[in-house]
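See below for the structure under consideration.
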Amino acid sequence: MARMKFICDAERCIECNGCVTACKAEHDVPWGVNRRRVVTLNDGLPGERSVSVACMHCSDAPCMAVCPVDCFYKTDEGVVLHDKDVCIGCGYCSYACPFGAPQFPSNGTFGLRGKMDKCTFCAGGPEANGSPAEFEKYGRNRLAEGKLPACAEVCSTKALLGGDGDVVSDIFRNRVLVRGKGSEVWGWGTAYGKPATGGSQQAKPEGKKS
Amino acid sequence: MSPCGRPKGEFPLGGTARSAKGASRTALLVCCAALALAACGEKTAGAAKKSDVPAFQGSTGQAAYLANGYKAGDHTAWEQQLRNRTQGQNEYARAPQRP
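Chains as they are written, first to last, in numbering that gives the first Met the number 0: chain A, 0 to 209; chain B, 0 to 98.
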């Protein structure tokens with residue numbers, strides 16, 4: 000299996016925040032913490048685009064690199080997780096992450112910064128899979144239940160895709176080729192071209208570009 | 000020669016002042032090194048990172064939450080289950096073909 004990945008199709012995202020709500024509800028995420036959020040560019044202007052953003056489970060995760068207590072680890076499927084019992088809430092990961100994924104509960108009496116919280120790709124944490132302790136700290140472990148992340152599965156327009164990176168990129172590649180828009184962007188061939196079948200040559204749409 | 004009749008720097012027990020000074024310097028260095036390196040073997044006071052159980056081994060939670068038809072424990076079956084589930088996000092596979 001390839002690495003687990005998310006991708007958000009900005010052509011499809013309608014900023015409904017269904018993914019955000021599903022994540023909050025599924026994991027009982029406290030107030031002030033948003034593991035996933037929808038970012039809108041050019042809001043209210045022609046060309047407005049929205050993208051659902053969470054932890055991207057980087058291959059070379061900067062949060063892992065900067066953590067002074069080494070609380071992060073990566074599963075065999077490439078999901079970046081952390082141990083809240085080791086986390087000291089220093090916030091280095093928050094500064095290192097280019098996506099703003101690490102979140103810190105700040106509703107303490109003095110605005111205390113608690114243990115870091117972030118998207119787990121619905122894979123829980125180091126506690127026993129599906130245990131109350133795991134749910135309390137990290138939320139549901141849907142991967143252990145044979146399911147995919149709630150945010151991606153609930154997405155009404157299927158803008159947000161999540162799962163095995165190979166399958167997800169195949170779905171997205173096919174979608175872009177069918178609608179004939181998107182493969183003209185820089186880096187398309189590198190990201191979605193299939194080397195076995197001729198790389199970017201194969202991934203050129205025939206439809207009219209807009 | 001010293002005023003007491005023995006060569007300068009020589010001690011009655013056979014050693015020299017220089018070797019005694021060297022030994023004490025070595026001992027001092029060893030002590031300093033032991034003191035300096037003592038922290039290297041120190042265990043962190045905080046909790047050690049726990050090892051995680053792979054997701055394919057299943058959940059200890061309620062069986063009602065398991066995906067339909069999914070049986071935990073087999074890595075290949077788990078991968079196939081997730082691949083099938085991912086295809087559920089592919090509307091081109093779900094919807095009938097365009098005429």
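Think of the CB as a built atom: it goes at the ideal place given N, C-alpha and C, for glycine as much as any other residue.
Quick caveat, the model's predicted, so the values are computed rather than measured.
is_contact[residue i, chain A] using C-beta, thresh 8 Å
i: Ala20/B; result: The question names Ala, but residue 20/B is Lys in the sequence shown. So no, Lys20/B is outside the interface.
i: Gln88/B; result: yes
i: Gln56/B; result: yes
i: Gly60/B; result: yes
i: Val29/B; result: no
i: Ala33/B; result: no
i: Lys49/B; result: yes
i: Thr85/B; result: yes
i: Val52/B; result: yes
i: Gln80/B; result: yes
i: Ala94/B; result: no
i: Ala66/B; result: yes
Closest by C-alpha distance to residue i, when choosing among the options
i: Ala64/A; options: Ala53/A, Val52/A, Val79/A and Ser51/A; result: Val79/A
i: Arg48/A; options: Cys54/A, Ala1/A, Ala132/A and Val38/A; result: Val38/A
i: Cys118/A; options: Asp69/A, Val175/A and Glu25/A; result: Glu25/A
i: Val52/A; options: Lys73/A, Asp163/A, Ser58/A and Cys22/A; result: Cys22/A
i: Ala143/A; options: Trp77/B, Ala94/B, Leu27/B and Arg93/B; result: Trp77/B
i: Gly138/A; options: Ala151/A, Cys154/A, Glu152/A and Cys121/A; result: Cys121/A
i: Met55/A; options: Val28/A, Arg36/A and Asp42/A; result: Arg36/A
i: Thr115/B; options: Thr156/A, Asp75/A, Gly162/A and Cys89/A; result: As shown, chain B starts at 0 and ends at 98. That puts residue 115/B outside it, with no answer to give.
i: Tyr91/A; options: Gly17/A, Leu160/A and Met115/A; result: Met115/A
i: Tyr191/A; options: Gly179/A, Asp169/A and Asn16/A; result: Asp169/A
i: Gly31/A; options: Cys7/A, Leu111/A, Cys70/A and Val68/A; result: Leu111/A
i: Asp73/B; options: Ala92/B, Gln56/B, Arg97/B and Ala37/B; result: Gln56/B
i: Leu81/B; options: Thr25/B, Ala54/B, Ala35/B and Ala94/B; result: Ala54/B
i: Val52/B; options: Asp165/A, Val50/A and Lys73/A; result: Lys73/A
i: Leu40/A; options: Tyr94/A, Ala9/A, Val68/A and Thr20/A; result: Ala9/A
Any chain B beta carbon closer than 8 Å to residue i
i: Pro125/A; result: yes
i: Gly181/A; result: no
i: Met0/A; result: yes
i: Val52/A; result: no
i: Val177/A; result: yes
i: Gly129/A; result: yes
i: Ala190/A; result: no
i: Asn41/A; result: no
i: Thr196/A; result: Annotation note: pLDDT 47 at Thr196/A (below 50); position unreliable, coordinate value reported separately. With 8 Å as the cut-off, Thr196/A does not count as an interface residue toward chain B.
i: Ala122/A; result: yes
i: Asn33/A; result: no
i: Gly206/A; result: Note that Gly206/A scores 47 on pLDDT, short of 50, meaning its location in the model is unreliable; the coordinates nonetheless yield the value given after this. Taking Cβ atoms only, chain B never reaches closer than 8 Å to Gly206/A, which makes this a no.
Terminal residues of the beta strand (DSSP E) in which residue i lies
i: Val37/A; result: Arg36 to Leu40
i: Ile6/A; result: Met3 to Cys7
i: Arg48/A; result: Arg48 to Val52
i: Lys73/A; result: Phe71 to Lys73
i: Gly161/A; result: Leu159 to Asp163
i: Val79/A; result: Val79 to His81
Residue-chain proximity (residue i, chain D), Cβ-Cβ < 8 Å
i: Ser49/A; result: The structure shown contains no chain D; the protein chains it does contain are A and B.
Terminal residues of the alpha helix (DSSP H) in which residue i lies
i: Leu147/A; result: Careful: Leu147/A lies outside any alpha helix (DSSP H) and carries neither H nor E.
i: His74/B; result: His74 to Gln86
i: Cys18/A; result: Gly17 to His26
i: Arg93/B; result: Glu90 to Arg93
Would you call the region 122-138 of chain A in contact with the region 91-99 of chain A, where contact means no fewer than 3 C-beta pairs closer than 8 Å? no
Below 9 Å between beta carbons is the criterion; list the residues of the region 135-151 of chain A that meet it against any residue of chain B, in chain order. Cβ contacts with chain B come from Arg139, Asn140, Arg141, Leu142, Ala143, Glu144, Gly145, Lys146, Leu147 and Ala151.
Closer than 8 Å, Cβ to Cβ, to anything on chain B: give me those residues from the region 14-26 of chain A, in chain order. none
Identify each residue in the region 64-92 of chain A for which the Cβ-Cβ distance to at least one residue of chain B is less than 8 Å, and report them in chain order. Val68, Asp69, Cys70, Tyr72, Thr74, Asp75, Glu76, Leu80, Asp82, Asp84, Val85 and Ile87
Output, in sequence order along the chain, the residues in the region 156-169 of chain A whose CB is closer than 7 Å to any CB in chain B. Lys157, Leu160, Gly162, Asp163, Val166 and Val167
Contact between the region 54-74 of chain B and the region 145-164 of chain A: three or more CB pairs below 8 Å? yes
With a cut-off of 8 Å, do at least 3 Cβ pairs link the region 180-194 of chain A to the region 78-94 of chain A? no
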